[in-house]
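Colleague: Pasting a structure here, questions to come.
Number of protein chains: 2
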Amino acid sequence: MIKSYVESYPFYVEPFHCDFTDRLFMGVLGNHLLNAADKHATRRGWGIGALNDHQLTWVLSRLSIEMTSVPKRCQHISIDTWVESVMKLFTTRNFALLDEQGNPIGYARSVWAMMDVETRKPCDLTTMYGGDILNYVTPEEQNICPIDGHGRYRFRDAELVRTIDTYYSDVDINGHINSIRYIEHVLNLFPMDCFKDGIKRFEIAYKNESLMGDRLSFYRQANELGGYDIEIRKNVTDESNGEIVCQSRVIFN
Amino acid sequence: MIKSYVESYPFYVEPFHCDFTDRLFMGVLGNHLLNAADKHATRRGWGIGALNDHQLTWVLSRLSIEMTSVPKRCQHISIDTWVESVMKLFTTRNFALLDEQGNPIGYARSVWAMMDVETRKPCDLTTMYGGDILNYVTPEEQNICPIDGHGRYRFRDAELVRTIDTYYSDVDINGHINSIRYIEHVLNLFPMDCFKDGIKRFEIAYKNESLMGDRLSFYRQANELGGYDIEIRKNVTDESNGEIVCQSRVIFN
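For the record, the sequence lines run as chains H and F. Following the working numbering, the numbering of the first sequence begins with -17 at its first residue and continues without gaps. Following the working numbering, the numbering of the second sequence begins with -17 at its first residue and continues without gaps.
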């Protein structure tokens, strides 16, 4: 059994992964976080690959990223990741982003559920494999993630700002709309000017799956933090409010 | 001066970079090719970073990829790349893709021009830096790239199949629509069924830049190879045919 809790995964900020301000796209950063999560889990026998053999899969429920400095083109960045807690139906995993000198430049929090692919039902994490995952819960003194937890959103006067169709490039290996693509579609709602000083905080909560061909409607409202809350609903019609797919929060610098 | 001509760059096929058939997205493969090209060029003093300091940049003109087997999820792939030829205004760079056993699974060809960022004019490659780039032209016996060169397209009865707006995530560090994004937008024109056996050949020719906010119209026609040719035009109106941005060819297995 692996005795360390926190592990570090390096990545390089590719020029083609940067926006017009030379900053790493938030969607690509999210992708790096998910890869680090999978590598950390795989080393402990809980990676997607091994789980798939047992008709199980991790489902990302929430991801929150808060940066003091978004990585820029050609930088070498490290992601530290660890398991914060395990509950019956959810586990939380945190991340720290470090620059080349090892200084923290941001943090992230994520919440995951385990799903049985056949029954489509969540699993009890605390009893699976004899509670093995509990061995990886990180001692408090190593769990350093000084950013707020996931927000709660109340959509009251959100305005429909865009409706899009989904296509081949939006779809992941499971045939669902890719979790990273939602991040891109959300950020595409904003004009160029918003991005000139980078994104301070980005949150997304995945509520329901959508499939290729689903039509996604984006509703936006200003929030009390100076940012915006966005709700994505699928297959909204004149007769129906459709179904909530994601909720997201963006705060710009 | 580096004496080797062909160099090899490995990459790992990330699950989040694969489509619903577990095959690597063609756009991500294109990105890996461009990264390998930049690393190979950088080692020889011709990388984008060094050129930018002299207000010069590489402009990708054409990219053609032909695969006998598209990389699949979790495979370790190598890209061999080398300079095939240098002409006054263009240089051609080839690529071979190798699986974990070192067997070729596909090839690619690319054509590049060098542009002065200030004057927006192309440079004479054969005289820049005393013709240094000519030192890297690969001897014929090492230039093994058994796929057809770039095709010529004649758009006669192409049908307008989609018009899209461009947003933040479409734009690269130079403020132009990202060359990889065009690949995604082209493939998004096709229904899921087309991809079930993978893509055999993909070509794209970059003709003119487009910027965020430009509206892109996609025209498609069947070609005599059993595939499709696509022309992307920007800012087409009732009064104007707009301007050609890209031309592309897709042949499915």
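Virtual Cβ for every residue (Gly too), placed ideally from N, Cα, C.
1. Going by beta carbon distance, what residues of the same chain come within less than 8 Å of residue 197/H, once the five residues before and after it are set aside?
2. Establish whether the CB of residue 175/H and some CB of chain F are separated by less than 7 Å.
3. Among all the DSSP beta bridges, which residues are the ones paired with residue 42/H?
4. Using three-state DSSP, classify residue -5/H as helix, strand or coil.
5. Compare the Cα-Cα distances from residue 133/F to each of 47/F, 126/F and -15/F and report the closest residue.
6. What's the gap between the Cα of residue 64/H and the Cα of residue 226/F?
7. Check the Cβ of residue 157/H against every Cβ in chain F and list those closer than 9 Å, keeping chain order.
8. Could you say if the segment 181 to 194 of chain H and the segment 34 to 44 of chain F meet the contact criterion of at least three C-beta pairs nearer than 8 Å?
9. In whole angstroms, what is the alpha-carbon distance linking residue 30/F and residue 180/H?
10. Using a threshold of 7 Å, state whether the C-beta atoms of residue 159/H and residue 228/H are closer than that.
11. Measure from the alpha carbon of residue 88/F to the alpha carbon of each residue in 24/F, 165/F and 59/F, then state which is nearest.
12. Among all the DSSP beta bridges, which residues are the ones paired with residue 62/H?
13. Compare the C-alpha of residue -8/F against each of 157/F, 19/F, 223/F and 113/F and name the closest.
14. Count the other CB atoms, across all protein chains shown, that sit within 10 Å of the CB of residue 74/F; report buried if there are 16 or more and exposed otherwise.
15. Can you check whether the CB of residue 232/F is closer than 7 Å to the CB of residue 210/F?
16. Going by alpha carbons, who is nearest to residue 235/H out of 207/H, 168/H, 203/H and 224/H?
17. Residue 24/H lies in the alpha helix (DSSP H); which residues open and close that run?
18. Does the structure place the segment 157 to 172 of chain H close enough to the segment -5 to 14 of chain H that three or more beta carbon pairs sit under 8 Å?
19. Whose CA, out of 111/H, 0/H and 55/H, lies closest to the CA of residue 32/H?
20. Using beta-carbon positions only, say whether residue -5/H and residue 53/H come within less than 7 Å of one another.
21. If you reduce the DSSP assignment to three classes, tell me which class residue 32/H lands in.
22. In chain H, which residues lie with their C-beta within 7 Å of the C-beta of residue 43/F?
23. With 16 other CB atoms within 10 Å as the buried threshold, where does residue 91/H fall?
24. Would residue 234/H count as contacting chain F if we go by Cβ distances under 7 Å?
25. When you compare the CB of residue 210/H with every CB in chain F, is at least one pair closer than 7 Å?
26. Excluding sequence positions up to five away, which residues of its chain have a Cβ less than 8 Å from the Cβ of residue 13/H?
27. Go through its chain and collect everything with a Cβ distance to residue 83/F's Cβ below 8 Å, but skip five positions before and after it.
28. What does residue 54/H pair with, by DSSP beta-bridge criteria?
29. For a contact defined as C-beta to C-beta under 8 Å, what are the partners of residue 9/H on chain F?
30. Kindly indicate the opening and closing residues of the alpha helix (DSSP H) around residue 166/H.
31. Please name the residues in the segment 92 to 106 of chain F whose beta-carbon is closer than 7 Å to at least one beta-carbon of chain H, in chain order.
32. With 16 other CB atoms within 10 Å as the buried threshold, where does residue 56/F fall?
33. With DSSP run on the structure shown, which of helix, strand or coil describes residue 244/H?
34. Whole-angstrom Cβ separation of residue 121/F and residue 155/H, contact assumed at under 8 Å?
35. Need the endpoints of the beta strand (DSSP E) that residue 188/F sits in, please.
36. Is there at least one Cβ from chain H nearer than 7 Å to residue -3/F's Cβ?
Modeller: Well, looking at it:
1. As a first step, residue 197/H must be located in the first sequence, where it is residue number 215. The residues are 145, 146, 147, 148, 216, 217 and 218.
2. The sequence position of residue 175/H within the first sequence is 193, counting from 1. Chain F, which has no Cβ nearer than 7 Å to the Cβ of residue 175/H, makes this no.
3. Numbered from 1 along the first sequence, position 60 holds the residue referred to as residue 42/H. Beta-bridge pairing links residue 42/H to 94/H.
4. As a working note, residue -5/H is residue 13 in the first sequence. Reduced to three states, the DSSP call for residue -5/H is coil.
5. Residue mapping note: residue 133/F aligns to position 151 of the second sequence, counting from 1. Closest by alpha carbon: 47/F.
6. By 1-based counting over the first sequence, the position of residue 64/H is 82. By 1-based counting over the second sequence, the position of residue 226/F is 244. Straight-line Cα distance between these residues: approximately 49 Å.
7. The residue you call residue 157/H lines up with position 175 of the first sequence. Correct list: 2 and 174.
8. no
9. Within the second sequence, residue 30/F is the residue found at index 48, counting from 1. Within the first sequence, residue 180/H is the residue found at index 198, counting from 1. So the alpha carbons of these two residues sit roughly 24 Å apart.
10. Taking the first residue of the first sequence as position 1, residue 159/H is located at position 177. Taking the first residue of the first sequence as position 1, residue 228/H is located at position 246. For residue 159/H and residue 228/H, no; Cβs fall outside 7 Å.
11. The residue you call residue 88/F lines up with position 106 of the second sequence. Closest by alpha carbon: 59/F.
12. Counted from its first residue, the first sequence places residue 62/H at position 80. DSSP output for residue 62/H lists -10/H and 78/H as bridge partner(s).
13. On the second sequence, position 10 is the one that residue -8/F refers to. Residue -8/F has its Cα closest to that of 19/F, out of 157/F, 19/F, 223/F and 113/F.
14. Here residue 74/F corresponds to residue number 92 of the second sequence, with the count starting at 1. With 16 or more other Cβ atoms within 10 Å, it is buried.
15. Against the second sequence, residue 210/F aligns to sequence position 228. Against the second sequence, residue 232/F aligns to sequence position 250. Yes. Within cutoff.
16. Walking along the first sequence from the start, residue 235/H turns up at place 253. Among 207/H, 168/H, 203/H and 224/H, the Cα nearest to that of residue 235/H belongs to 207/H.
17. Numbered from 1 along the first sequence, position 42 holds the residue referred to as residue 24/H. Residues 8 to 24.
18. yes
19. Here residue 32/H refers to the residue found at position 50 of the first sequence. Looking at the Cα atoms, 111/H is the closest of the given residues.
20. As a first step, residue -5/H is located in the first sequence; it is residue number 13 there, counting from the start. As a first step, residue 53/H is located in the first sequence; it is residue number 71 there, counting from the start. Yes, they are a contact pair.
21. Walking along the first sequence from the start, residue 32/H turns up at place 50. Residue state, collapsed to three classes: helix.
22. As a first step, residue 43/F is located in the second sequence; it is residue number 61 there, counting from the start. Those within 7 Å of residue 43/F in chain H number zero; the least Cβ separation is about 17 Å.
23. Along the first sequence, read from residue 1 onward, the residue named residue 91/H stands at position 109. The residue is buried, with at least 16 neighbouring Cβ atoms inside 10 Å.
24. The residue you call residue 234/H lines up with position 252 of the first sequence. Taking Cβ atoms only, chain F never reaches closer than 7 Å to residue 234/H, which makes this a no.
25. Counted from its first residue, the first sequence places residue 210/H at position 228. It does not: the Cβ of residue 210/H has no partner Cβ on chain F nearer than 7 Å.
26. Along the first sequence, one-based indexing puts residue 13/H at 31. Hits under 8 Å: 162.
27. By one-based count along the second sequence, residue 83/F stands at place 101. Cβ within range, chain order: n/a, list empty.
28. Here residue 54/H corresponds to residue number 72 of the first sequence, with the count starting at 1. Bridge partners of residue 54/H: 5/H.
29. Start at 1 with the first residue of the first sequence, and residue 9/H comes out as number 27. Simply 151.
30. Looking up residue 166/H in the first sequence gives position 184. That run of the alpha helix (DSSP H) goes 161 to 169.
31. none
32. Counting from one through the second sequence, the residue named residue 56/F turns up at place 74. It counts as exposed.
33. Within the shown structure, residues of chain H are numbered from -17 to 235, placing residue 244/H beyond reach of any answer.
34. For this step, residue 121/F is matched to residue 139 along the second sequence. For this step, residue 155/H is matched to residue 173 along the first sequence. Incorrect: roughly 41 Å between the Cβ atoms, too far for contact.
35. For the purposes of this step, residue 188/F is identified with residue 206 of the second sequence, where counting begins at 1. Taken as a continuous stretch (DSSP letters only), the beta strand (DSSP E) holding residue 188/F covers 181 to 188.
36. Within the second sequence, the letter at position 15 stands for residue -3/F. True, the Cβ-Cβ gap to chain H drops below 7 Å.
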